[in-house]
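See below for the structure under consideration.
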Amino acid sequence: MSSGTVLVTSRSFSSGSLDLTAALESAGLKVVRGPADHNLEALAPVLADAVAWIAGTGPVTAEHLERAPHLRHIARYGVGVDAVDLGDASSRDILVTNTPGANSDAVADHTVALMLAALRGVASGDRGVRGGDWRVTRARELGTLTVGIIGLGRIGRGVAARLSGFGTKVVGFDPWVPAEQIRVLGIEPVEFEDIAQRSDIVSLHTPGDQVIIDSTWLDRVPSGRILVNTARANLVDETALAEALRTRHVLAYAADSLSVESGRGESPLLDEELAAWTLFTPHSAAQTVEAVDNMGGAATEAVLAVLRGETPDNVVRSAA
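Here's what the structure looks like:
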């Protein structure tokens, strides 16, 4: 086993039931924590000595890698690698891995929780009772509705599986999954343009940062739909959605991330007048003990494998 420094910039690494920091240290490695936003100047002294980097959601740029002459491995703590400059990593002979599936169950659970909370007005009901207002808003039952899922990877499929227990009809769109395979999952395949027409609730689980919920999409949506987003804030045009909520064209929005999280200023969705129709959690969908152990354990095993000279699981970009 090689000695050296492992930089960790994931906030939740080794905070579950497993002491993964100790596992790395027992292998002769020095573990140094860094800021989750990957501030370059703050990380530069550690990058100078790092042989591996267990990276959270912050950007991993060519400028970061230029400061890391000994870096052999970036272990992305989670699934998405959009923030990692994969081309530059490859050119520098740095292997990149991720941890697919490690938090899928946690996020799928959270998604259904947000659906129910938005559908039944849980947050607004709580605020009302605390203020002495016991008025009731009549809701709908999840099992009588149709849920449209955009993106049928592990999480989208997990959501569909959970909804089957409610008796909910599920339709789905994913350009990378054949229609016949979608049907085998118990989901009716539909086109992206049709999903809003067919669904009472639309749930986003697609990768990437391209806006898919924009003013054009919202204009096509029949009134009274609920939108749930446990994927990425960038998928939604928040200004257009705020207006759709304000006019009550969209009934409610529940999400686990907002643009403000990425430092892009105040989100229009946080306007107090929209509070009764919006529900947000602090990017916590994946934050269960089990998911933290799964992600951290997979990242730790990958780091140890690379430093032993072995090929780890879940290679996203091989070394050059």
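With the numbering used here applied, the sequence shown closes on residue 622, and no number is skipped along the way.
Where is the CB? At the ideal position from N, CA and C, for every residue including glycine.
Check: Please state the DSSP three-state secondary structure of residue 490.; Outcome: strand
Check: With 16 other CB atoms within 10 Å as the buried threshold, where does residue 436 fall?; Outcome: exposed
Check: By DSSP's criteria, residue 582 is part of a beta bridge. Which residues make up the other side?; Outcome: 557
Check: Cutting at 8 angstroms between CB atoms, please list the residues of its own chain near residue 511, excluding the five before and the five after it.; Outcome: 384, 534, 536, 537
Check: Which of the three DSSP states, helix, strand or coil, is assigned to residue 412?; Outcome: helix
Check: Looking at C-alpha atoms only, which residue of 618, 596, 613 is the closest neighbour of residue 321?; Outcome: 596
Check: Starting from the C-beta of residue 563, find all residues in its chain whose C-beta is less than 7 angstroms away, skip the five residues before and the five after it, and write them out in chain order.; Outcome: 535, 585
Check: Distance check for residue 472 and residue 488, CA to CA, integer angstroms please.; Outcome: 8 angstroms
Check: Could you give the first and the last residue of the continuous beta strand (DSSP E) run that contains residue 427?; Outcome: Element bounds for residue 427: not the beta strand (DSSP E) but the alpha helix (DSSP H), 424-432.
Check: If residue 606 and residue 370 are in contact, beta carbons under 8 angstroms, what's the gap, nearest whole angstrom?; Outcome: That belief does not hold up - the Cβ atoms of residue 606 and residue 370 are roughly 19 angstroms apart, past 8 angstroms.
Check: Taking one C-beta from the region 411-424 and one from the region 349-364 each time, how about it: are there three or more such pairs within less than 8 angstroms?; Outcome: no
Check: Please state whether the Cβ-Cβ distance between residue 456 and residue 403 is less than 8 angstroms.; Outcome: yes
Check: Please report the straight-line C-alpha distance between residue 391 and residue 305, rounded to a whole angstrom.; Outcome: 21 angstroms
Check: Hey, how far is the Cα of residue 366 from the Cα of residue 360?; Outcome: 11 angstroms
Check: Residue ranges of each beta strand (DSSP E) run of no fewer than 3 residues wholly in the region 497-573, ordered along the chain?; Outcome: 503-506, 527-531, 552-557
Check: Whether or not the region 551-562 and the region 573-589 are in contact is what I'm after, with contact meaning three or more pairs of Cβ atoms, one per stretch, closer than 8 angstroms; do they touch?; Outcome: yes
Check: What's the gap between the Cα of residue 608 and the Cα of residue 542?; Outcome: 46 angstroms
Check: Tell me, please, which residues DSSP counts as bridged to residue 448.; Outcome: 471
Check: Would you tell me roughly how many angstroms separate the C-alpha atoms of residue 310 and residue 413, rounded to the nearest one?; Outcome: 28 angstroms
Check: Could you give the first and the last residue of the continuous alpha helix (DSSP H) run that contains residue 619?; Outcome: Careful: residue 619 lies outside any alpha helix (DSSP H), inside the beta strand (DSSP E) at 617-619.
Check: Going by C-alpha distance, which of 345, 451, 312, 327 is nearest residue 529?; Outcome: 451
Check: Is residue 348 helix, strand or coil by DSSP?; Outcome: helix
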